[in-house]
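S.K.:
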Amino acid sequence: MPDLICKARYFRMGEKAPKNSCFKGLVTPSSIFGGSGSYFNYTERYNGKESESLLDYTGRYGYTMTSNGYLDTKEKKDDFRRKGMESLQKTGAVVYEIICSMENYEKASEYSLTNQDQFSAVITKIMPSYIRSIGLDPGNVSWWEDFHPENRTSITPHPHIHLLFYENEPSHTFDHLYGKLPRKALNDFKRMFVNEMIKRKDHSIYRETFEAIDIAKRDVLEKIQHIRFENVETVRDLYSILPEYGRLQINSANMAPYRDTIYKVIDNLLESDQCQFAWKNYLGSLKKYDYEVDDITNDDVSSRSEKEISKTKRQIANMILQGKKDIAKIYDYDEITYNDNYKEADGDKGILYKDSSIVRDRLSSRNPDIPIMKGIGGLLAKRQREIEKEIEEYLDQDKGYSYGM
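For the sequence shown, position 210 matches number 288 in the numbering used here, and the numbering has no gaps at all.
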């Protein structure tokens, strides 16, 4: 059995309670927050007494933690209840519930998760990030969390929590899913919760794990930094098709048509002799962390590797694009090339024209040993003299060629 089990369900106002919710009847704001008009109640099995609402049921074992802090006074609880009732009376209102249960108290003790204070500390820390991760605005979401020492239907005590949240102004974000949270939304919560569990169990191991990931990542980026891009054919080909104007940043709209090509170039670099060992080491360090998370939940929930790899490749992409900028500064003149496609139509002489957006940098192919670096004294002047000499030679041959400044 996994150390942690998480389940999710939802309550849509004005509809029947979900089949798996232990509730019956129609869901209303009153059945969530109490008051007259409740159509279903959650039976509290320990003393046979019915709770008035879901809020009353979950709050039986200590002070309720909320997005506004602890409900440790009657005034705070009444205010939270009143505002919740107002939000759930709006069209499209939905309440989502996540239940997190530990295998037993022995396992819960390993992670210091045996009471309300300990659980609420974790929930308070992860909720803002979690809400953003599922596409909602933390400023528009209210939530509450309560601890239960036992499961209603189990002989073995399973310490667990009920976490419920709803939008103050319904955005209908999940309407197309009939109020259900997507599996990814539940996995995101599991991953964030388990991340905190690992910290609580042994913070030194947690720190060492991420230090190893950071060191491996830096090694990859350093290997990329030492590659002379002008010597790499795939990079030169990439530079030849990039636009001359606009932002050279991987996430800019200007780069949208070229992203697939850029990432193919990156994959080629990471498989090269210079980078492949560092890259495999980096992937291995990420896989180790994913294994720890997935082992706790006995499920494939960790997306750390996927996100970190994506982030690292974006950094590499911007390094490559910066190389294009550096080349443009060093070789600051218009690229001139010969287009064979015009020969047949325009005679044997053909037409020489400027088309730097589709042609590989001629200078890079002729002089592959020239390093890409700033401030090389006299380099720009030297190359300018060479290009002027080429212009003179072509003019002497009367090839009708024009050079735009």
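Yeah, the Cβ is synthetic: ideal placement off N, Cα and C, and Gly gets one too.
Whole angstroms are fine: how far does the CA of Thr287 sit from the CA of Leu241?
M.R.: Taking the sequence shown and counting its residues from 1, one reaches residue 241 at position 163. Taking the sequence shown and counting its residues from 1, one reaches residue 287 at position 209. Using only the alpha carbons, I get a separation of about 29 Å.
S.K.: With C-beta atoms as the reference, is Leu259 less than 8 Å away from Tyr88?
M.R.: Counting from 1 along the sequence shown, the entry for residue 259 is found at position 181. Counting from 1 along the sequence shown, the entry for residue 88 is found at position 10. Yes; because the gap between Cβ atoms is below 8 Å, this pair is in contact.
S.K.: Have a look at Ile291 and Ala331 and give me their C-alpha separation to the nearest angstrom.
M.R.: As a first step, residue 291 is located in the sequence shown; it is residue number 213 there, counting from the start. As a first step, residue 331 is located in the sequence shown; it is residue number 253 there, counting from the start. Rounded to whole angstroms, Ile291 to Ala331 spans 31 Å at the Cα level.
S.K.: Should the segment 163-170 be called in touch with the segment 243-252, which here means at least 3 C-beta pairs below 8 Å?
M.R.: yes
S.K.: With distance defined between alpha-carbon atoms, name the residue in Arg138, Tyr139, Asp157 nearest to Gly147.
M.R.: In the sequence shown, the residue the question calls residue 147 occupies position 69. That would be Asp157, whose Cα lies nearest to the Cα of Gly147.
S.K.: Could you tell me how far apart the beta carbons of Ile283 and Leu82 are, in whole angstroms, since I believe they sit closer than 8 Å?
M.R.: What you label residue 283 is simply residue 205 of the sequence shown in a count that begins at 1. What you label residue 82 is simply residue 4 of the sequence shown in a count that begins at 1. In fact, because the Cβ distance is near 18 Å, the residues do not count as touching under 8 Å.
S.K.: Got a sec, what are the start and stop residues for the beta strand (DSSP E) Tyr148 sits in?
M.R.: Taking the sequence shown and counting its residues from 1, the one referred to as residue 148 is at position 70. Start and end: 147-149.
S.K.: Check each candidate in Lys365, Lys277, Ser318 and name the one with the smallest Cα separation from Tyr336.
M.R.: Within the sequence shown, the letter at position 258 stands for residue 336. Of the listed residues, the one whose Cα sits closest to Tyr336 is Ser318.
S.K.: Taking its Cβ as the centre, do 16 or more other Cβ atoms sit within 10 Å of Asn329, making it buried, or is it exposed?
M.R.: Indexing the sequence shown from 1 puts residue 329 at position 251. Burial check for Asn329: the Cβ neighbour count within 10 Å stays below 16, so the residue is exposed.
S.K.: Specify the secondary structure class of Lys94 as computed by DSSP and reduced to three states.
M.R.: Indexing the sequence shown from 1 puts residue 94 at position 16. Three-state DSSP puts Lys94 in a strand.
S.K.: If you draw a straight line from the alpha carbon of Pro227 to that of Ser108, how long is it in whole angstroms?
M.R.: If you number the sequence shown from 1, residue 227 lands on position 149. If you number the sequence shown from 1, residue 108 lands on position 30. Straight-line Cα distance between these residues: approximately 26 Å.
S.K.: Using 8 Å for Cβ pairs, my map puts Gly213 next to Phe307. What's the rounded Cβ distance?
M.R.: In the sequence shown, the residue the question calls residue 213 occupies position 135. In the sequence shown, the residue the question calls residue 307 occupies position 229. The pair is not a contact, with the Cβ atoms about 37 Å apart (cut-off 8 Å).
S.K.: Considering only DSSP beta bridges, list what Thr142 is partnered with.
M.R.: Along the sequence shown, one-based indexing puts residue 142 at 64. Partner(s): Leu149.
S.K.: What are the boundary residues of the alpha helix (DSSP H) that Glu308 is part of?
M.R.: As a first step, residue 308 is located in the sequence shown; it is residue number 230 there, counting from the start. Glu308 -> no alpha helix (DSSP H), and no H or E assigned at all.
S.K.: Return yes when the Cβ of Val219 is within less than 8 Å of the Cβ of Ser145, no when it is not.
M.R.: Working through the sequence shown from its first residue, we reach residue 145 at position 67. Working through the sequence shown from its first residue, we reach residue 219 at position 141. Result yes, Cβ atoms of Ser145 and Val219 sit closer than 8 Å.
S.K.: Reducing DSSP to helix, strand and coil, say where Arg325 ends up.
M.R.: Along the sequence shown, read from residue 1 onward, the residue named residue 325 stands at position 247. In the three-state reduction of the DSSP assignment, Arg325 falls in the coil class.
S.K.: Taking the continuous alpha helix (DSSP H) assigned at Val200, which residues delimit it?
M.R.: Position 122 of the sequence shown holds residue 200. DSSP places Val200 in the uninterrupted alpha helix (DSSP H) bounded by 194-211.
S.K.: Give the DSSP-derived three-state secondary structure of Leu241 in the structure shown.
M.R.: The residue labelled residue 241 in the question sits at position 163 within the sequence shown. In this structure, Leu241 counts as strand in the three-state DSSP scheme.
S.K.: According to DSSP, simplified to helix, strand and coil, what is Leu62?
M.R.: Here the chain covers residues 79 to 483 and nothing more, so residue 62 does not appear.
S.K.: Excluding the 5 residues preceding and the 5 following Lys541 in the sequence, name in chain order all residues of the same chain whose CB lies nearer than 7 Å to its CB.
M.R.: The requested residue 541 is not part of the displayed model; the chain covers only 79 to 483.
S.K.: Check each candidate in Glu175, Asp338, Glu274 and name the one with the smallest Cα separation from Ser207.
M.R.: Taking the sequence shown and counting its residues from 1, the one referred to as residue 207 is at position 129. Of the listed residues, the one whose Cα sits closest to Ser207 is Glu274.
S.K.: By the 10 Å Cβ neighbour count, where 16 or more other Cβ atoms means buried, how is Ile340 classified, buried or exposed?
M.R.: Stepping through the sequence shown from its first residue, residue 340 is reached at position 262. With 16 or more other Cβ atoms within 10 Å, it is buried.
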